[in-house]
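In our numbering, the protein residues as written are 8 to 127.
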């Protein structure tokens, strides 16, 4: 008899959790510890060889961008420039301070109205 009560309670709890999930439909792509608990990534995660790479490659763009530093709130004096390209843009085998974005940011460029140009 005790087992039947446990099975019934477990089934009801499972159905309740599924019902709450079905109603709310949370977007897990926007849940990230990056930019909240730990600093955001300066590059999108990419692993050429997933068996040997420490990065988990994802084809889900919202998830990738949520972990990137561009997802941080924009400062009022910031003009954002998004760099899109191949390995020459992202700095294949370069350290983070040697990438094109880091070089642009190191030069401390400003727009004509005084906003800082920040490259991502």
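Where a beta carbon is used, it is the ideal one built from N, C-alpha and C, also for glycine.
Please read all numbers here as calculations on a predicted model, not as lab measurements.
Buried or exposed (CB count within 10 angstroms, at least 16 for buried), residue i
{"i": "residue 28", "result": "exposed"}
{"i": "residue 119", "result": "exposed"}
{"i": "residue 108", "result": "buried"}
{"i": "residue 106", "result": "buried"}
Opening and closing residue of the beta strand (DSSP E) in which residue i lies
{"i": "residue 124", "result": "123-126"}
{"i": "residue 35", "result": "Per DSSP, residue 35 belongs to no beta strand (DSSP E) and is neither H nor E."}
{"i": "residue 87", "result": "85-88"}
Continuous alpha helix (DSSP H) stretch holding residue i: start and end
{"i": "residue 79", "result": "Taken as a continuous stretch (DSSP letters only), residue 79 belongs to no alpha helix (DSSP H), as it is neither H nor E."}
{"i": "residue 100", "result": "Careful: residue 100 lies outside any alpha helix (DSSP H) and carries neither H nor E."}
{"i": "residue 12", "result": "9-31"}
{"i": "residue 72", "result": "68-74"}
{"i": "residue 45", "result": "It is not in any alpha helix (DSSP H) - residue 45 carries neither H nor E in the DSSP assignment."}
{"i": "residue 111", "result": "107-113"}
Rounded separation between residue i and residue j - CA only
{"i": "residue 39", "j": "residue 73", "result": "7 angstroms"}
{"i": "residue 115", "j": "residue 33", "result": "39 angstroms"}
{"i": "residue 86", "j": "residue 111", "result": "12 angstroms"}
{"i": "residue 42", "j": "residue 68", "result": "16 angstroms"}
{"i": "residue 30", "j": "residue 100", "result": "45 angstroms"}
{"i": "residue 35", "j": "residue 80", "result": "19 angstroms"}
{"i": "residue 9", "j": "residue 25", "result": "24 angstroms"}
{"i": "residue 84", "j": "residue 21", "result": "49 angstroms"}
{"i": "residue 45", "j": "residue 17", "result": "36 angstroms"}
{"i": "residue 102", "j": "residue 94", "result": "13 angstroms"}
For residue j and residue i, believed in contact at Cβ under 8 angstroms, the rounded distance
{"i": "residue 122", "j": "residue 76", "result": "So it is not a contact: roughly 18 angstroms between Cβ atoms."}
{"i": "residue 90", "j": "residue 71", "result": "Not a contact, Cβ separation roughly 15 angstroms."}
Any chain D beta carbon closer than 7 angstroms to residue i
{"i": "residue 123", "result": "Of the chains in the structure shown, none is chain D; there is only one protein chain."}
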